Amino acid sequence: MTKSKVKNSLLKSFVFTAAAFVLGIVLFALGSIYDGNLIQPSSLLLMVLMFGIIEVINFFRVYFDDTKWARSKPAVVKNFIFVPIYFAIAMIFLHLLLGDLHFKELILYIGLFLVIFLTGQVIVYFVSKKKTDLMNDALIEFQKEHGWDEQE
């Protein structure tokens with residue numbers, strides 16, 4: 000592990016985790032307002048702990064992204080490798096935050112997790128597709144400028 004590689008991985012993972020933390024706090028606050036309960040300090044500490052664990056996992060995910068095997072795979076494949084870990088953490092901390100859940104609530108939270116995850120994957124796919132299309136267009140333009148033929 001080189002120092003610069005570790006530093007870059009930490010920075011990239013921290014940006015994602017910080018955004019997810021803010022979103023999690025906002026959603027938790029909205030749920031508390033809807034439910035009519037006050038947010039307990041212990042709940043906030045559990046959320047900080049949860050996102051600390053997610054930061055560590057994200058660090059390893061970003062560090063893993065720089066391997067030879069991972070570079071040859073689309074980002075969506077790598078995300079689906081790590082989603083069971085994220086899902087397990089979300090369910091464990093959901094149980095710790097809310098206590099025993101009824102079956103309907105559990106199905107609702109599982110569905111919410113899947114919708115958020117799949118929406119994120121669709122966004123990642125379209126962003127990477129747009130970048131790929133731009134690179135392909137630039138390559139075609141370069142070939143036209145220099146008179147290259149694809150069959151040569």
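Just so you know, we're using numbering that gives the first Met the number 0 here: the sequence shown kicks off at 0 and counts up by one. Where a beta carbon is used, it is the ideal one built from N, C-alpha and C, also for glycine. Remember, it's a predicted structure, so these values are computed and weren't measured experimentally.
Nearest-angstrom Cα separation, counted from residue j out to residue i
{"i": "F50", "j": "K4", "result": "22 Å"}
{"i": "K143", "j": "I106", "result": "55 Å"}
{"i": "L48", "j": "A87", "result": "14 Å"}
{"i": "L153", "j": "T16", "result": "The shown model of the chain, from 0 to 151, leaves out residue 153, and the question about it has no answer."}
{"i": "F63", "j": "L117", "result": "21 Å"}
{"i": "E54", "j": "L133", "result": "32 Å"}
{"i": "I115", "j": "H94", "result": "19 Å"}
{"i": "Y33", "j": "V21", "result": "18 Å"}
{"i": "V82", "j": "K128", "result": "21 Å"}
Own chain partners of residue i with C-beta closer than 7 Å, once the 5 adjacent residues on each side are dropped
{"i": "A89", "result": "F112"}
{"i": "V61", "result": "S8, K11 and S12"}
Top-ranked residue by Cα proximity to residue i, from the options
{"i": "F59", "options": "G146, N78, L107 and E140", "result": "N78"}
{"i": "D65", "options": "D34, K6, F116 and G110", "result": "K6"}
{"i": "S41", "options": "N57, F13, F92 and L9", "result": "F92"}
{"i": "M46", "options": "K130, Y33 and I24", "result": "I24"}
Proximal residues to residue i (C-beta, below 8 Å), its chain only, five neighbours per side dropped
{"i": "I38", "result": "F27, A28 and S31"}
(message) In chain order, what are the residue ranges of uninterrupted beta strand (DSSP E) at least 3 long that sit wholly in the region 87-150?
(response) none
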